[in-house]
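Reviewing the structure listed below.
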Amino acid sequence: MIISVINKKGGVGKTAFSFSIAKDFGLFLQSNDNSLIEQLYQGKAKISAYPKLIANCVYDFGGFVQKGVLEILKASDVLLVPCTPLYNAILRTLESLQELHPLNPNIFVLITNWTSLPEKEQCAQKIQEKYKHLSFFYFKHSKILENSMQQGLSFTELASRSPLAKNAYKHFMNEYTRLLNTLS
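Counted the way the working numbering counts, the sequence shown spans residues 39 to 222.
Here it is in structure tokens:
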């Protein structure tokens with residue numbers, strides 16, 4: 039399985055989702071962007087300006103102009119494109135989708151960090167105006183992204199730590215489980 043997580047816009051959750059999905063599926067993780075993944079996922083994560091195409095890997099791409107990235111995007115089973123409801127994030131996501139779709143049309147959009155239903159719906163609507171056929175997953179604002187990276191635990195591991203954590207992350211985890219099931 040090859041999964042690429044990509045968006046031109048930073049701060050949308052690419053690294054947290056990449057790390058968590060890789061860890062939950064036991065996949066390798068490569069990134070062309072500076073992050074803590076090598077410390078958090080020792081022996082299975084690598085940061086390189088020129089990631090190599092390998093099987094059973096999640097790729098965390100900050101952009102996709104570097105050498106080798108286009109080959110990986112084309113070979114990916116699925117592209118995950120996180121997007122927050124912020125106006126600039128939506129614009130950058132649309133730019134990313136315009137470039138990604140011809141390379142690999144198997145794209146899931148992850149609407150992240152939304153705080154109200156109208157905000158979530160407006161974000162999805164703006165993207166669906168141009169890309170009606172894409173699959174969408176909706177992740178309400180949650181500290182789980184930050185906590186996952188701080189503690190070096192996948193979303194699943196973090197939510198499983200205690201009944202309180204399970205309850206606190208319940209809605210997020212329901213959607214994340216749906217994403218994992220769709221990917222598997």
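Glycine included, every Cβ here is placed at the ideal spot set by N, Cα and C.
None of these values were measured; they are calculated from a predicted model.
Start and end of the beta strand (DSSP E) containing residue i?
{"i": "residue 68", "result": "66-69"}
{"i": "residue 92", "result": "Run containing residue 92: none; DSSP gives neither H nor E here."}
{"i": "residue 134", "result": "Run containing residue 134: none in the beta strand (DSSP E); it sits in the alpha helix (DSSP H), 125-138."}
Out of curiosity, what's the CA-to-CA distance linking residue i and residue j?
{"i": "residue 40", "j": "residue 88", "result": "16 Å"}
{"i": "residue 94", "j": "residue 58", "result": "14 Å"}
{"i": "residue 107", "j": "residue 151", "result": "27 Å"}
{"i": "residue 196", "j": "residue 126", "result": "30 Å"}
{"i": "residue 56", "j": "residue 63", "result": "11 Å"}
{"i": "residue 187", "j": "residue 168", "result": "33 Å"}
{"i": "residue 128", "j": "residue 221", "result": "24 Å"}
{"i": "residue 156", "j": "residue 123", "result": "10 Å"}
{"i": "residue 210", "j": "residue 174", "result": "14 Å"}
{"i": "residue 185", "j": "residue 199", "result": "12 Å"}
{"i": "residue 205", "j": "residue 193", "result": "13 Å"}
{"i": "residue 203", "j": "residue 140", "result": "40 Å"}
Can you tell which of the options has the C-alpha that lies nearest to the C-alpha of residue i?
{"i": "residue 43", "options": "216, 86, 110", "result": "110"}
{"i": "residue 91", "options": "192, 69, 174", "result": "69"}
{"i": "residue 230", "options": "108, 139, 53", "result": "Residue numbering for the chain in the displayed model covers 39 to 222; residue 230 lies beyond these limits and cannot be assessed."}
{"i": "residue 73", "options": "222, 48, 65, 62", "result": "48"}
{"i": "residue 177", "options": "158, 190, 164", "result": "158"}
{"i": "residue 162", "options": "119, 189, 140", "result": "119"}
{"i": "residue 96", "options": "131, 184, 78, 115", "result": "115"}
{"i": "residue 180", "options": "198, 79, 153", "result": "153"}
{"i": "residue 191", "options": "78, 67, 45, 65", "result": "78"}
{"i": "residue 171", "options": "112, 216, 135", "result": "135"}
{"i": "residue 45", "options": "149, 105, 66", "result": "149"}
{"i": "residue 130", "options": "175, 165, 210, 61", "result": "165"}
{"i": "residue 218", "options": "98, 202, 146", "result": "146"}
According to DSSP, what are the bridge partners of residue i?
{"i": "residue 120", "result": "148"}
{"i": "residue 98", "result": "43, 69"}
{"i": "residue 84", "result": "68"}
{"i": "residue 176", "result": "149"}
Mind checking which residues open and close the alpha helix (DSSP H) that includes residue i?
{"i": "residue 114", "result": "Looking at the DSSP string, residue 114 is not in any alpha helix (DSSP H), and its letter there is neither H nor E."}
{"i": "residue 58", "result": "52-63"}
{"i": "residue 158", "result": "155-166"}
{"i": "residue 171", "result": "Premise fails: residue 171 is in no alpha helix (DSSP H) and is neither H nor E."}
{"i": "residue 79", "result": "Neither: residue 79 is in no alpha helix (DSSP H) and is coded neither H nor E."}
{"i": "residue 202", "result": "201-206"}
{"i": "residue 186", "result": "182-189"}
{"i": "residue 74", "result": "Segment: none, residue 74 is in no alpha helix (DSSP H) and carries neither H nor E."}
{"i": "residue 23", "result": "There is simply no residue 23 to check, as the chain begins at 39 and stops at 222 in what is shown."}
My understanding is that residue i touches residue j, with C-beta atoms under 8 Å, so please give their C-beta distance in whole angstroms.
{"i": "residue 71", "j": "residue 51", "result": "13 Å between Cβ atoms; not a contact."}
{"i": "residue 67", "j": "residue 75", "result": "6 Å"}
{"i": "residue 117", "j": "residue 138", "result": "6 Å"}
{"i": "residue 237", "j": "residue 112", "result": "Shown here, the chain extends from 39 to 222; a query on residue 237 therefore has no answer."}
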